[in-house]
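Below: one structure, written as structure tokens.
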Amino acid sequence: MQTVTKEMLIAKAAELLDNGSVTRVFGWQKGEFDYDVTPALFHSAAEMEKDFVWNDFCGANFSKYLIKDKGEGKVLVFLKPCDTYSFNQLLTEHRFDREKVYAVGIPCDGMADIRLIKEEAGEGVTGVDTEGDELVVHTLYDGDIRLNRGDFLAERCKVCKSKKHVAYDELMGDDGEIADSARFDEVAKLEAMSADERFAFWQNELSRCIRCNACRDVCPACSCEKCVFGNPKSGVENKAASDSFEEKMFHIIRAFHVAGRCTDCGECSRVCPQHIPLHLLNRKFIKDIDTFYGEYQAGAEVGSRAPLVDYTEGDIEPSKAVERGGANA
Amino acid sequence: MQVNEGFKPTIVAFCCNWCSYAGADLAGNNRLNYPAEVKIIRVPCSCRVNPMFILRAFQRGADGVIICGCHPGDCHYTSGNYYTRRRMSLLFSMLDYLGIERERTRLEWVSAAEGAKFAATMNDFVEQVTKLGENKRLEDLRCKQ
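Chains C and P, in that order, give the protein sequences. In this text, residue positions in the first sequence follow my numbering: the first is -10, and each later residue adds one. In this text, residue positions in the second sequence follow my numbering: the first is 227, and each later residue adds one.
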């Protein structure tokens, strides 16, 4: 159950559009079903009344959209706590103009994962409503099914790292706290496996990749003007042209490119059509950085120095690092 | 005792122009032996080595990759090797996480005066990789068996 309602968000947007503070609004647009939610740009309160939606499926993080937004005047953007980290990180990298944005922080009670719901409810899910701690799933064949909401949250929300907004112009509702989350448990579980088991695990996961590039396109940290994977001369810009190398290495390289800048927003895993747990690669880097160079949360503050563009004279040597970060940690 | 008898690994060594590349020269001048399987690639600084180079080397058939740079504090460009150290700590740990033997990657500090250390390091590394045998894992990562 989200504490701020859709009506409150529309009212806030209408007020700001009316008094001229903003000219457009980034918000979630409803699709065919309750859970088909699309990021969209709204220009009037009337448009928002018609299509705007705020429910348990509004996972999309709008921070990256600010880079390409080139309209007149200010843009209103609704940010959930985890989105504000990406927002700060992009500001640190000078990717958009802070003056052109009016950020409204909204509390988030976690987002549901439609894939988990469909696995449980079976075929023909036509809609999902939230009633308190329960999800009411409307289905074609089995009528309404009531599920415990907490069990069907997205993985990233079950281990939510922060309910606290780190950037906003205005806050709706109450701010939360930074959580002491168990988000590295999965990584630790993998580390505890043998090398062969780990290899089998990743081979199984990465073999499903269809190189749709959705993870790259949605990632707020992957916002280079020119991407190494988008160079037509390299012959690796899409699946059809890619040689075997890129398919294998794509995810390792991508994870490395965002290492130290990844805020662990979990968008990569959310959009993956093949359900590859990509966040486990990013979290491994975050966990290692925390272990080797001290705790670091990308985006926690604007202007912080990312671990990979910094050093100290007494840094750990790679030979020792593998032992500490790896299976024998 | 030699396991994998007859197996000759392919080793790619990225050597910094200002230290270990000269170190390799010195090893040669001093008539020190190191295995011919080591293919040296000269780079202007160890921090020139993009993590992609290492993955690419593995994909193109290398069995082991070693990076040699100046000792911390001695970088020709002041701080390049410090960045290398951070990058490689993370990359090697990630490769280990993906189930690729950690013994196939190494970072060593070898100065221009350390011809003997260069030869000893290479001998040791080649022996280590020979024991592991042929590297198939990086090539296989995408192909489910």
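Note that CB positions come from ideal geometry on N, CA and C, so glycine has one too. It should be emphasised that the depicted structure is a prediction, and the values quoted were computed from it without experimental measurement.
Per-residue DSSP class, three states only, for residue i
i: C/D277; result: helix
i: P/Y303; result: coil
i: C/S258; result: helix
i: C/R13; result: strand
i: C/H246; result: helix
i: C/V291; result: coil
i: P/L297; result: Going by the sequence as given, residue 297 of chain P is His instead of Leu. DSSP places P/H297 in coil when its eight states are reduced to three.
i: P/A239; result: strand
i: C/H154; result: coil
i: C/I265; result: coil
i: C/P209; result: coil
i: P/R332; result: strand
i: C/N220; result: coil
i: P/T347; result: helix
i: C/N271; result: helix
i: C/K59; result: coil
i: P/G290; result: strand
i: C/A143; result: coil
i: C/N8; result: coil
i: C/V(-7); result: coil
i: C/A101; result: strand
i: P/I373; result: Because chain P spans 227 through 371 in this model, residue 373 of chain P falls outside it and cannot be assessed.
i: P/V275; result: coil
Anticipated Cβ contact below 8 Å, residue i with residue j, distance rounded
i: C/M161; j: C/V64; result: With 8 Å as the limit, C/M161 and C/V64 do not qualify as a contact, their Cβ atoms being about 17 Å apart.
i: C/C198; j: C/A168; result: Going by Cβ atoms, the distance from C/C198 to C/A168 rounds to 31 Å, so no, they are not a contact pair.
i: C/V(-7); j: C/P70; result: That pair is no contact at about 12 Å.
i: C/G111; j: C/D131; result: 7 Å
8 Å Cβ cutoff, residue i in contact with chain P
i: C/S231; result: Low confidence applies to C/S231: its pLDDT is 49, below 50, so where it sits in the model is not reliable, and the reading given next is rough at best. No - not a single Cβ of chain P is within 8 Å of the one on C/S231.
i: C/V174; result: The question names Val, but residue 174 of chain C in the sequence shown is Asp. Cβ-Cβ to chain P under 8 Å: no for C/D174.
i: C/R135; result: no
i: C/V311; result: yes
i: C/K273; result: yes
i: C/F245; result: yes
i: C/W191; result: yes
i: C/P266; result: no
Any chain C beta carbon closer than 8 Å to residue i
i: P/S315; result: yes
i: P/L281; result: yes
i: P/F233; result: no
i: P/Y309; result: yes
i: P/E353; result: no
i: P/E327; result: yes
i: P/G299; result: yes
i: P/L324; result: yes
i: P/P261; result: no
i: P/M223; result: The first residue shown for chain P is 227 and the last is 371, placing residue 223 of chain P beyond what the model contains.
i: P/P270; result: no
i: P/F344; result: no
Where residue i falls, given that 16 or more other Cβ within 10 Å makes a residue buried
i: C/N193; result: exposed
i: C/E298; result: In the sequence as displayed, the identity of residue 298 of chain C is Val instead of Glu. C/V298 should be labelled exposed.
i: C/L339; result: With chain C covering -10 to 318 only, the question about residue 339 of chain C has no answer from this structure.
i: P/P277; result: buried
i: P/D289; result: buried
i: P/E263; result: buried
i: C/L5; result: buried
i: C/C213; result: exposed
i: P/G325; result: buried
i: C/K215; result: exposed
i: C/K321; result: This structure leaves residue 321 of chain C out entirely; chain C is present only between -10 and 318.
i: C/H240; result: buried
i: C/L129; result: exposed
i: P/G359; result: exposed
For residue i, the residue or residues it bridges with in DSSP
i: C/L160; result: C/G94
i: C/F67; result: C/V93
i: C/F41; result: C/Q18
i: C/G132; result: C/T128
i: C/D118; result: C/V125
i: P/V264; result: P/I237
i: C/P28; result: C/W17
i: P/V355; result: For P/V355, which the question treats as bridged, DSSP gives no partner whatsoever.
i: C/I167; result: C/S151
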